[in-house]
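Okay, structure first, notes after.
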Amino acid sequence: MSLKLTNTLTKRIEPFKSLTPGQVNIYCCGVTVYDLCHLGHARSYIVWDVLRRYLISQKYKVTFIQNFTDIDDKILARAAKENCTMNEISDKNIKEFHCDMDALGVLRPDRMPRATRCLDGIRSMIEKLEKKGAAYSVEGDVYFAVKKHTNYGKLSNRDLSEQQLNADGRVNEKEEARKQSPVDFALWKGAKEGEPSFPSAWGQGRPGWHIECSAMVLQELGETIDIHLGGADLIFPHHENEIAQSEMANGKELAKFWLHNGMVNVDGQKMSKSLGNFTTIRALLKGGISAMTLRIFILQAHYRKPLDFTKESLDAASQGWKRLNTCLCLGLNNHKVLDWPKHDFQETSISDIDKHATNETLAKYHQQFLDALDEDLNTSVAISILFELARPLKSLANQLIRDIPQSINELENKALYTRWKLLVSLAGILGLKAEQPHNSISKKEENLNASFIKEAIKIRKEAKLSGDFAKADRIREKLKSQGIELIDKKGGETDWIQN
RNA sequence: GGCGGCAUGGCCAAGCGGUAAGGCAGAGGAUUGCAAAUCCUUUAUCCCCAGUUCGAAUCUGGGUGCCGCCUCCA
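Counted the way the working numbering counts, the first sequence spans residues 1 to 499.
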């Protein structure tokens with residue numbers, strides 16, 4: 001394996017090599033927990049989930065840390081609005097975050113530190129910076145003196161003298177006056193009236209935004225980590241400031257690889273809270289978009305490029321997933337008919353795929369899939385290989401669902417089983433898992449629904465027999481709009497599945 | 001103004017110097033109820049101009065357009 005990744009730090013695609021063989025330490029910038037997550041967040045965490053799964057499949061021991069920013073102006077504003085405490089807002093949204101990410105099949109990070117619970121590390125890092133003369137305190141605030149850091153700007157490739165400082169004129173004049181330079185940023189903010197605060201050597205206050213990540217990386221993973229992840233909008237100033245703080249405090253390079261994902265766009269513009277053009281993950285899932293559809297949608301584009309969110313592209317992903325899903329379900333639902341070994345999805349190990357590639361064609365697909373991911377996580381190509389693998393399986397699946405299965409000789413059957421296993425394994429690296437369509441419904445709805453559908457099928461059959469196809473089609477369309485798909489089989493029988 | 005990214009068929013999207021993956025939609029054929037679902041087949045010379053090269057969507061230079069960051073942001 002030779003994984004190559006685009007490193008924002010060097011502006012190049014370079015071979016990935018971990019500091020310790022077989023071990024990868026990753027830190028991923030998490031969310032500020034003041035609200036539900038939107039599709040942009042989903043993209044970020046799904047993409048990095050694939051990176052993680054891929055590394056694990058390549059036998060790396062991965063330690064994945066991701067933070068929660070649980071103190072911030074927006075959380076406080078939300079708390080004031082909802083007349084509750086900051087902690088209540090944070091707790092609630094952390095729960096919601098997990099709910100969404102679990103639904104999307106994003107593996108939970110190994111640890112998820114919260115800013116308010118890492119204050120010792122934060123304070124001691126600020127003290128260290130102060131001792132080194134890289135930080136100064138003014139009236140309860142502490143600022144990082146950017147000019148002390150000779151390499152400032154190395155990540156975002158910026159010359160500070162060329163920047164339009166505070167471009168929007170959104171300058172807090174009081175704060176500006178306290179700073180030695182307009183580019184300096186807060187490490188610690190003195191407490192304001194009525195806001196939650198924490199004790200420190202500089203008085204009551206709270207940490208600035210950037211310092212928590214620096215402190216957590218050190219606390220959880222050490223001075224230098226393999227990979228630091230985040231959205232492209234964090235490159236400046238957040239990651240630049242992290243580098244400045246950590247490298248000044250520790251005297252060591254913060255991260256070997258900096259990876260950044262592209263934004264999700266709506267009508268060509270970045271999806272963001274402030275523009276109000278966001279769609280939450282929750283709304284999408286509730287609206288009937290399946291988690292795996294979102295995964296396909298996101299992974300069909302390269303992670304660094306902007307991704308336009310439109311109804312059309314989502315529909316396309318949905319149709320594509322439907323196709324793939326049929327194939328992934330094949331061996332689960334039909335193993336008896338096909339005489340395939342019973343297969344439990346939960347037990348599919350994503351690091352256990354080598355032995356499945358038994359023939360030349362499958363070995364080729366397998367290799368192409370791995371090569372694609374090696375090449376800076378080309379998930380788009382990886383997915384295309386899943387579709388190639390799926391084609392004959394799709395054919396088989398439809399024979400089973402709709403017709404009498406044709407006789408397959410033993411050799412073919414075995415090859416198809418192997419192909420299916422490979423498909424399941426490779427899909428697993430992308431976090432794509434079968435979503436079983438229900439042809440039996442939960443007990444609660446069973447009586448209501450099943451008999452209703454049965455009745456509808458009966459009426460439709462009568463309509464068909466009497467030649468009233470318009471009526472038959474109306475019934476079919478009506479059920480379809482309710483997620484029930486009718487399938488006319490040979491011999492006049494009608495089956496149904498719920499999508 | 002500074003830094004960075006992008007421009008490929010109706011839509012989304014790969015491609016990293018040797019002659020355009022994949023998905024969706026469309027078309028034709030099979031099947032069917034002149035239907036749905038399904039299966040098979042099928043559709044591009046890559047924003048413009050100039051250059052390098054035997055050969056460029058891919059490299060260089062110059063345009064044009066769009067976007068991101070410089071302020072909270074995945």
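A virtual CB, placed ideally from N, CA and C, is assigned to each residue, including glycine.
Decide if residue i is buried, meaning its Cβ has at least 16 other Cβ atoms within 10 Å, or exposed.
i	result
D473	exposed
G495	According to the sequence displayed, residue 495 carries Asp and not Gly. Exposed, by the Cβ-count rule.
T150	exposed
H239	buried
R78	buried
N83	exposed
T69	buried
T32	buried
D73	exposed
G169	Per-residue confidence for G169 stands at a pLDDT of 47, beneath the threshold of 50, marking its modelled position as unreliable; the derived number appears in the next sentence. G169 comes out exposed.
K286	exposed
A382	buried
G251	exposed
K293	Here the sequence assigns Thr to residue 293, which means Lys is not the residue at that position. Buried.
P19	According to the sequence shown, residue 19 is Leu rather than Pro. Counting Cβ neighbours within 10 Å, L19 comes out exposed, since fewer than 16 surround it.
A470	exposed
E455	exposed
May I ask you to check if the CB of residue i is nearer than 6 Å to at least one heavy atom of the ligand PLP?
i	result
K414	In the structure on display, the ligand PLP does not appear, and there are no ligands present to speak of.
Leaving aside the five residues before and after residue i along the sequence, list all residues of the same chain whose C-beta is less than 7 Å from its C-beta, in chain order.
i	result
E220	I65, R111, P113
A434	N325, L328, C329, L332, F345
K444	The predicted position of K444 is uncertain, since its pLDDT is 46 and thus under 50; no value can be drawn from it.
W48	C28, L229
E412	none
I484	I453, W496, Q498
Which residue comes first and which comes last in the alpha helix (DSSP H) that contains residue i?
i	result
N93	86-103
W420	410-429
S369	This sequence places Phe at residue 369; Ser is not what is there. Per DSSP, F369 belongs to the alpha helix (DSSP H) from 360-374.
L285	281-286
E508	A query on residue 508 cannot be resolved here, the shown segment of the chain reaching from 1 to 499 and no further.
H41	39-57
I235	Run containing I235: none; DSSP gives neither H nor E here.
K336	335-338
D120	119-131
R178	173-178
R295	291-299
Could you name the residues that DSSP lists as bridge partners for residue i?
i	result
K270	N265
T63	N25
H228	Y27, W258
E14	L5
V138	D141
F68	R114
K189	R206
F198	G205
D308	N265
T150	Note: T150 sits in no beta bridge, so no partner.
E485	I497
T20	Q23
R32	Contrary to the premise, residue 32 reads as Thr rather than Arg in this sequence. Paired residue(s): T69.
Which stretch, first to last residue, makes up the beta strand (DSSP E) that contains residue i?
i	result
D159	That residue, D159, is in no beta strand (DSSP E); it is neither H nor E in DSSP.
Given residue i, which residues of its chain have a CB within under 6 Å of its CB, disregarding the five upstream and five downstream residues?
i	result
T100	Looking at the sequence provided, one finds Asp at residue 100 rather than Thr. The residues are C37, I281.
S246	S214, L254
R123	S200
L393	C327, L330, W420
K148	A134
H335	K342
L3	F16, D374
N25	T63, L221, I225, D226
Tell me which residues share the same chain as residue i and place their Cβ nearer than 8 Å to its Cβ, disregarding the 5 neighbours each side in the sequence.
i	result
S290	S318, W321, E435
L430	V50, R53, R295, L299, T379, A382, I383, L386
L76	M86, E195, P196
Checklist line | Inter-stretch contact at 8 Å, needing at least 3 Cβ pairs: the region 201-212 / the region 3-16 | finding: no
Note to self: Can you confirm whether the region 463-478 touches the region 82-91 when touching is taken to mean that 3 or more C-beta pairs between the two stretches lie within less than 8 Å?
What the structure shows: no
Check: Any contact of the region 262-281 with the region 228-235, i.e. 3+ C-beta pairs under 8 Å?
Finding: yes
Item checked: Contact the region 153-164 vs the region 184-204: 3+ CB pairs below 8 Å -> no
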